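Heads up: the structure comes next, in structure tokens.
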Amino acid sequence: MKLNFKEEMNFVKRTNNNKILEVSSARKSLNTLRKYVMHLKKYFNEDENIRNIIYQEFIADTYDYLKVAGTEKIQLQENALKILSSNPVLLEQVYNDVKDIDLEEIDFDKESAKLEQGVRKCAEFQMELMLSELREKVKMSRAIKNTLAKDDFEFEKKLMNKKSINAENKLDIKEDKKIDIENELDLIKDIVPYGHNEIEKKLIKCEKNSLKIAGKFLEKYGFLEEEIQQQNEDYKRLDLKNMCYKYETEKIDEDIGLKNIFTDEYIDTLSLEQLTVLNAFWQNRVSKCASEIKKGIFIMDSLNLWDNIEDKNNIDQISDEVLFGIVLKLKLLDNIAEKARKNITEYDESENYRYARYDYKKNITSDFKGNYKFEFDNILPDIENDFLKDIDCCQSIRNNIKLIYETKETMIRELLLQINHNSKITNWGYIPEDKINDDNFILIGIDYPGFNLPLKLHMRKKNIIQFFDETKSDAIIPIYEGEKDMMYKGRRLTTKIYMPLTEQRESEIIAKNKTINTVDLKYNYIRHLGNLINKKSKKISKMYTHEYIDLNTMQRGIKLNGKFIGNIKEDNEEKKREH
């Protein structure tokens, strides 16, 4: 892996140039971690190394999370089977691509790598599995018929009693590798929906467990209380006090609290679609919160704050320049770790995910390490700035967080598949951002009826383009309507918690829509909430998307009779210069 330090550092500075935002985020991360440290210190002796306790506990928590929520392979298989069952043309194309492969020579453990190579490759893998099983069953069936034709009474008796059968001794199996099956494609068309239903059952179970472990993780580190407090403050600011949520309620049939949505009592009432939309938001929140904890640990390590954490003044007195310098360093290290992952050939495998290993000591040049120390000695003169120590500081956490992000993206893909089959969703799509620091990501917005606020999620641009190219042959998607509706008095009000709308809250939204004046600063916000209710109301008009964008070219346009007509060209470089 070749790295140019100057290029890497310039990229980090260019994409993280909002010093105020970065410093504010760093202080928040430190204070979040400080609260948890203070909580833990109640249970440990003075002599115990609180840093090691927290570090190892956090690694264990993210590992436990991944054991439950790391369902990427299952989700990818479910995605592929859903696409094949709903797209007969693609199903036939994939069948024709793999039907003549010698399936008996395939190592399916190694072949499962296709699950990570896009929807088309994943569909090919599923087709290979189905054909292999189908042909094996046909072979076995013919062998049984050939054997029974010999009037083997004892064999027939065993078969009727469903006892184990020694195929080698009892079955007349021909050694022909080529099994000709009449109407094989038609049989596959019948098998695909059944296979999808079976794996969907497994996925529902995994999604339920994923939501529960997400709630447990977020509660432990204090994020649930923090988020609900901020969301309720937004509601009060907008004179929507009846929209506020409690942290926990006794009976969910009367009202539901934030903590309740992670319990079996509530989760068991959800469909797969509802589970997926909730998971998309809360797994995204887990990934962000895990990154906050990682950032807090890195800053605490860099400044040796572990022994002085009790006094909040020790955090408040850290200068903005020092915090910003440490944030830039962490971003640089994260970027290098991401590039290292792309050059890895060694992995530690597990059932649902895999760890990558990379030897930085061997593969990073002395020039790069020297330039790293020189640059950060100027920015952070009181810190050691040793590249190998710094990259190793949060590496185990970094690996886990990367896997958490991958899990999140898989859930978003599952959600995007569902949108195409849900006529209730009238507004979803690409959200143009005012200032794009990193054009590797795009923002997707979704108004999902039955939930309290719009769902907005970032996803890697190349991944979402590949997903749409493979599932619908192009990456032309709607542009989300009403993104600026969520602004109030110059401030963007984001979705802090994602909750089901109760009947009482839907009635509140309808009542507010009836009385709100068009000149009220809250008008657009209240009007937009009306697009989230399930109830029908003559006073509330549904929002529909009107404009589209081709994510490959970033050209905007409209659709006439299902055909995209581009009419607005966006020059990303010019847009960046304007900002």
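Residue numbers (this note's numbering): 692 to 1270. All residues carry an ideal CB built from backbone N, CA and C; glycine is no exception. Computed from a prediction, not measured in an experiment: that's the story for all the values here.
For the alpha helix (DSSP H) containing isoleucine 1168, list its first residue and its last residue. Careful: isoleucine 1168 lies outside any alpha helix (DSSP H), inside the beta strand (DSSP E) at 1167 to 1169.
On a Cα-Cα basis, can you pick out the residue from Arg705, Ile1088, Glu1001, Ile792 that is closest to arginine 725? Glu1001
Straight-line Cα distance separating glutamine 922 from leucine 1212: 19 Å
How many angstroms separate the CA atom of lysine 697 from the CA atom of leucine 1107? 39 Å
Look up phenylalanine 702 in the DSSP assignment and give the residues it is bridged to. Looking at the DSSP assignment, phenylalanine 702 forms no beta bridge with any residue, so it has no partner.
Would DSSP call aspartate 791 helix, strand or coil? coil
Which residues does DSSP list as the beta-bridge partners of lysine 1250? Phe1255
For arginine 1196 and asparagine 1143, which I take to be in contact (beta-carbon distance under 8 Å), what is that distance rounded to the nearest angstrom? 7 Å
Taking contact to mean 3 or more Cβ pairs, one atom from each stretch, closer than 8 Å, check whether the segment 983 to 994 and the segment 1012 to 1027 are in contact. yes
Could you please give me the residues that DSSP links to tyrosine 1121 through a beta bridge? Ile1135, Ile1170
Specify, as a first and last residue, the run of the alpha helix (DSSP H) that leucine 909 falls within. 875 to 911
Opening and closing residue of the alpha helix (DSSP H) in which lysine 985 lies: 963 to 994
Span of the beta strand (DSSP E) holding aspartate 1241? 1239 to 1241
Contact belief for tyrosine 1216 with tyrosine 1171 at Cβ below 8 Å, rounded distance in angstroms: The Cβ separation is near 15 Å, so there is no contact.
Return the first residue and the last residue of the alpha helix (DSSP H) that lysine 1163 is part of. 1152 to 1163
Threshold first: 4 residues or longer. Then list the alpha helix (DSSP H) segments lying entirely within the segment 711 to 761, N to C. 741 to 760
Rounded Cβ spacing between tyrosine 1121 and isoleucine 1133 (contact assumed at less than 8 Å): 6 Å
For leucine 757, which of Ile1092, Asp1160, Met1190 has the nearest alpha-carbon? Ile1092
Output yes or no for whether 7 Å exceeds the beta carbon distance between glutamate 774 and threonine 1162. A quick correction: the sequence has isoleucine, not glutamate, at residue 774. Yes. Within cutoff.
Three-state secondary structure (DSSP) at proline 779? helix
What do you reckon, are the CB atoms on glutamine 817 and leucine 772 nearer than 7 Å? yes
Report yes or no: do the segment 900 to 907 and the segment 972 to 983 share at least 3 C-beta pairs separated by less than 8 Å? yes
Let me know if asparagine 1252 comes out buried or exposed under the rule of 16 or more other beta-carbons within 10 Å of its beta-carbon. exposed
Between arginine 1247 and leucine 1014, how many whole angstroms is the CB-CB distance? I'm expecting something under 8 Å. Actually they do not touch by this definition, with Cβ atoms about 39 Å apart.
Report back the beta-carbon spacing between leucine 963 and leucine 894 to the nearest angstrom; my notes put them in contact at under 8 Å. 7 Å
Which stretch, first to last residue, makes up the alpha helix (DSSP H) that contains histidine 1219? 1214 to 1220
Is the segment 1094 to 1106 in contact with the segment 949 to 961, if contact means three or more CB pairs nearer than 8 Å? no
So, is asparagine 860 buried or exposed, given that buried needs 16 or more other C-beta atoms within 10 angstroms? Bear in mind that the predicted position of asparagine 860 carries a pLDDT of just 38, short of 50, making it too unreliable to give a figure here.
Helix, strand or coil for lysine 1022? Go by DSSP, reduced to three states. helix
Cβ-Cβ distance between isoleucine 890 and glutamate 815 below 7 Å: no
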